[in-house]
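K.L.:
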Amino acid sequence: MGVVLKRMMLRAASAVADRLEIDVLVTGEAISQVASQTLPNLSLIDAATDKLVLRPLVASHKQDIVDLATEIGTADFARHMPEYCGVISVNPKTNAKRNRVEYEEKQFDMAILEQALERAKLISIDRVIDDLSRNVDIEEVSQALAGQVIIDIRHPDAQEDQPLQVPGVEIQTLPFYALNSRFKALDDTRQYLLYCDKGVMSRLHAHHLLSEGHANVRVYRPS
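Per our numbering, the sequence shown starts with residue 2, numbered consecutively.
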């Protein structure tokens, strides 16, 4: 999952770089900090682009990276950046096989990537924090009330491994990738609480649904 995801990221970055007439890509990866950043995997990831990929931190110690982030003022931003739990591998590979990666990529509809690139918005790095502060206000609740419906939007594997149980409250399972297309078929007289492990996917999808005019959506973040 991690290798395929980063190959897709490089494809997207390469397309954006072409628009901006940029010849080189730069990432903040360091060797072996996570499974996708072993030397074999980094080599496989780089094969997804014809551009040179520079990694200034590739041999840096993790604490040195943290210290540098503190010095340049990005540490607090990084510290509060949540994980997107929909793309976390259950059994990550430190030496992914090219044929398996290419097989998995053939299952992906590249039109989705093209659509994402068409809708992409370019933001200057010095405006990122300001842009994030303009997010739509999304209500989060730590307790579900009788009559409300919790929608577990996690991947089916996560739903099966760690079933969500909230006594006295109806729970429906609707994976994040099917939520937007199927939500309009739900009873619009009821209030729905979106749930995922980290709260990232639930906020993203709540934002989208609220923007579409569905006012009966909240985010469920149990304490």
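C-beta: ideal position from N, C-alpha, C; glycine also.
Ignore the nearest five residues each way along the sequence and tell me which others in D47's own chain have a CB closer than 7 Å to its CB.
P.N.:
V54
K.L.:
Given a threshold of 16 other Cβ atoms within 10 Å of its Cβ, counted over all protein chains shown, does S44 qualify as buried or as exposed?
P.N.:
exposed
K.L.:
State yes or no: is the C-beta of G3 within less than 9 Å of the C-beta of V35?
P.N.:
Going by C-beta atoms, G3 is nearer than 9 Å to V35.
K.L.:
Which residue comes first and which comes last in the alpha helix (DSSP H) that contains L53?
P.N.:
Per DSSP, L53 belongs to no alpha helix (DSSP H); it is in the beta strand (DSSP E), 53-55.
K.L.:
Does the beta-carbon distance from E141 to R222 come in below 9 Å?
P.N.:
yes
K.L.:
Residues bridged to V218 by DSSP?
P.N.:
Here V218 is bridged, per DSSP, to Y193.
K.L.:
Quick one: is D189 near chain B, going by C-beta distance under 9 Å?
P.N.:
Absence of chain B from the displayed structure is noted, only one protein chain being present.
K.L.:
By a C-beta neighbour count over all protein chains shown, 10 Å radius and 16 as the cutoff for buried, is R191 buried or exposed?
P.N.:
exposed
K.L.:
Under three-state DSSP, which class holds H206?
P.N.:
helix
K.L.:
Just confirm the distance between the C-beta atoms of H215 and F184, as a whole number of angstroms; I'd bet it's less than 8 Å.
P.N.:
7 Å
K.L.:
Which value, in whole angstroms, describes the spacing of the CA atoms of K94 and R8?
P.N.:
Each residue's Cα considered, the two are about 15 Å apart.
K.L.:
Here's a check: name, in chain order, each residue in its chain whose Cβ is nearer than 6 Å to the Cβ of E30, leaving out the five neighbours to either side.
P.N.:
These residues qualify, in order along the chain: Q38, R56.
K.L.:
Taking only three categories from DSSP, how would you classify Q173?
P.N.:
In the structure shown, Q173 adopts extended strand secondary structure according to DSSP, grouped into three states.
K.L.:
Taking only the alpha-carbon atoms, compute the straight-line gap between R99 and Q149 and give it to the nearest angstrom.
P.N.:
46 Å
K.L.:
Work out the CA separation of V218 and N96 for me, nearest whole Å.
P.N.:
42 Å
K.L.:
Taking only the alpha-carbon atoms, compute the straight-line gap between R12 and D24 and give it to the nearest angstrom.
P.N.:
13 Å
K.L.:
Please classify V102 as buried or exposed, where buried requires at least 16 other C-beta atoms within 10 Å of its C-beta.
P.N.:
buried
K.L.:
Between D198 and A159, which are expected to be in contact by the criterion C-beta below 8 Å, what is the C-beta distance as a whole number of angstroms?
P.N.:
7 Å
K.L.:
Quick one, which of D68, L118, A186, I73 has its alpha-carbon nearest I18's?
P.N.:
In the sequence as displayed, the identity of residue 18 is Ala instead of Ile. Closest option to A18, Cα to Cα, is L118.
K.L.:
From the DSSP output, which residues share a beta bridge with L26?
P.N.:
V54
K.L.:
At the level of alpha carbons, what is the spacing between I66 and R204?
P.N.:
Cα to Cα, the separation comes out at about 29 Å.
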